[in-house]
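From first to last, the protein sequence lines stand for chains L and G.
161 is the number that the numbering used here gives to position 104 of the first sequence; each next residue is one higher, with no gaps.
133 is the number that the numbering used here gives to position 76 of the second sequence; each next residue is one higher, with no gaps.
There are 2 protein chains.
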Amino acid sequence: MRLDDALGFAINNTGRAMTRLLMTAFAPYDVTPEQWSILKRLEEGDEISIKELSKRVGKDQANVTRISDLLERKGLIMKKPNPEDKRSSLVCLMDEGKQIIRLLDPIDEQVHQVVLKGIAEHEMELLKQLLAKMRENCNAELQG
Amino acid sequence: MRLDDALGFAINNTGRAMTRLLMTAFAPYDVTPEQWSILKRLEEGDEISIKELSKRVGKDQANVTRISDLLERKGLIMKKPNPEDKRSSLVCLMDEGKQIIRLLDPIDEQVHQVVLKGIAEHEMELLKQLLAKMRENCNAELQG
DNA sequence: ATGACATATATGTCATGACATTTATTTGTT
DNA sequence: AACAAATAAATGTCATGACATATATGTCAT
């Protein structure tokens, strides 16, 4: 089997290409695709713990802690104490974070249109289903 | 959640899940999935430059340099001087590298069977085609 | 032949992912 | 209440990816 044919490498290389494209498009705003994914989740609902945020973005808690620290240093989010649990903090979007989201949303949309050029809606749906199935297979094995 | 957001999320998370699974399976042999991808490429043809190897694995030259250094320290590959160009070196598989490949090949195969459980051949083919199309779209944009 | 430019590799930096460990706090058991 | 176990977050380490730059060597125009 040639490497090009190996599904794992196809998936990872495609993901990296998409990430690179988004990174390039976001570069003038000093926001990386991973930071973007966190901002977008917070837009759907903030004042949540690092742990909850980690679950929602599908990332390791340690990594979310570090990405959040970066976003906080940039003034896009803030961590405030959780009055119900002194171990945890609640992550909130700052106004500047909300402004950045408004700026970057159309750019994100343009990038995705480029990436999905020539791909039909039903193909994308199947693609997502297959990826979800593979993810389930992996996670079942990792936990079992 | 917008559809295209879900797709980027799906691709990167699925790729990470597969990488994690392979990493776990390879852990006893002290070989990472990325190191594995380089070994497999060398198996198809070694005595090639870092630059050529980078092209074949689809990775940055700087990263291939570093991964190669690790593999050389482990005694799996060797860099020998290129008699035709003193700037470059030729990367060769060592016997121990070839042995590791024979050991890990069936493990890699098992992992792929786990990941692809419940997915038909024609679905996998379509999946690869769609991913290739998206990769082309990205690369065309990055270069253009 | 020489100097300007190109190329191959190496190295430095930052962001990230995975994972182990630490620290502070909470919870549960007695 | 006291102590053990669990939990949330932070931190440390290594591998990697992207990118900039450095260094050595090669190539080309003159």
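By construction, the Cβ of each residue, glycine as well, lies at the ideal position given by its N, Cα and C atoms.
Roughly how many angstroms separate the alpha carbons of residue i and residue j, rounded to a whole number?
i                      : j                      : result
residue 148 of chain G : residue 131 of chain G : 14 Å
residue 29 of chain G  : residue 163 of chain G : Here chain G comprises residues numbered 58 to 201, so residue 29 of chain G is not present and cannot be evaluated.
residue 58 of chain L  : residue 97 of chain G  : At residue 58 of chain L, the pLDDT of 49 sits below 50, so the modelled position is not reliable; the number obtained from the coordinates is stated separately. Cα-Cα distance, rounded: 10 Å.
residue 60 of chain G  : residue 182 of chain L : Low confidence applies here, because residue 60 of chain G scores a pLDDT of 45, under 50, leaving its location unreliable and the question unanswered by this model.
residue 99 of chain G  : residue 177 of chain L : 37 Å
residue 75 of chain L  : residue 175 of chain L : 16 Å
residue 101 of chain G : residue 179 of chain G : 26 Å
residue 165 of chain L : residue 129 of chain G : 41 Å
residue 156 of chain L : residue 142 of chain G : 53 Å
residue 92 of chain G  : residue 73 of chain G  : 15 Å
residue 170 of chain G : residue 81 of chain G  : 15 Å
residue 105 of chain L : residue 139 of chain L : 9 Å
residue 69 of chain L  : residue 186 of chain G : 14 Å
residue 168 of chain L : residue 184 of chain L : 18 Å
residue 94 of chain G  : residue 116 of chain L : 24 Å
residue 202 of chain G : residue 145 of chain G : No information on residue 202 of chain G is available, as it lies outside the stretch 58 to 201 that chain G covers here.
residue 109 of chain G : residue 109 of chain L : 44 Å
residue 86 of chain G  : residue 103 of chain L : 43 Å
residue 90 of chain G  : residue 90 of chain L  : 23 Å
Please state whether the Cβ-Cβ distance between residue i and residue j is less than 8 Å.
i                      : j                      : result
residue 88 of chain G  : residue 107 of chain G : no
residue 154 of chain G : residue 127 of chain G : no
residue 123 of chain L : residue 199 of chain G : no
residue 159 of chain L : residue 71 of chain G  : no
residue 83 of chain L  : residue 150 of chain L : no
residue 125 of chain L : residue 118 of chain L : no
My guess is that residue i and residue j are in contact by the Cβ rule of under 8 Å, so how many angstroms apart are they, rounded?
i                      : j                      : result
residue 67 of chain G  : residue 189 of chain L : 7 Å
residue 208 of chain G : residue 194 of chain L : Past the edges of chain G, shown from 58 to 201, lies residue 208 of chain G, and the structure says nothing about it.
residue 64 of chain G  : residue 65 of chain L  : That belief does not hold up - the Cβ atoms of residue 64 of chain G and residue 65 of chain L are roughly 18 Å apart, past 8 Å.
Pull out every residue of the stretch 96-107 of chain L whose Cβ sits closer than 8 Å to any Cβ of chain G, in chain order.
97, 101
Using Cβ-Cβ distances below 8 Å, what residues of the stretch 108-126 of chain G are close to chain L?
113, 114, 115
Ignoring anything shorter than 4 residues or poking outside the stretch 135-176 of chain L, list the alpha helix (DSSP H) runs there in chain order.
152-172
Taking beta-carbon pairs under 8 Å, can you tell me which members of the stretch 183-201 of chain L lie near chain G?
183, 184, 185, 187, 188, 189, 190, 191, 192, 194, 195, 196, 198, 199
In the stretch 156-182 of chain L, which residues sit with their C-beta less than 7 Å from some C-beta in chain G, listed in chain order?
169, 171, 172, 173, 174, 175, 176, 180, 181
Residues from the stretch 62-79 of chain L in contact with chain G, defined by Cβ distance under 9 Å:
62, 63, 64, 65, 66, 67, 68, 69, 70, 71, 72, 73, 74, 75, 76, 77, 78, 79
Where the stretch 80-94 of chain G meets chain L: residues whose CB sits under 8 Å from a CB there:
81, 90, 94
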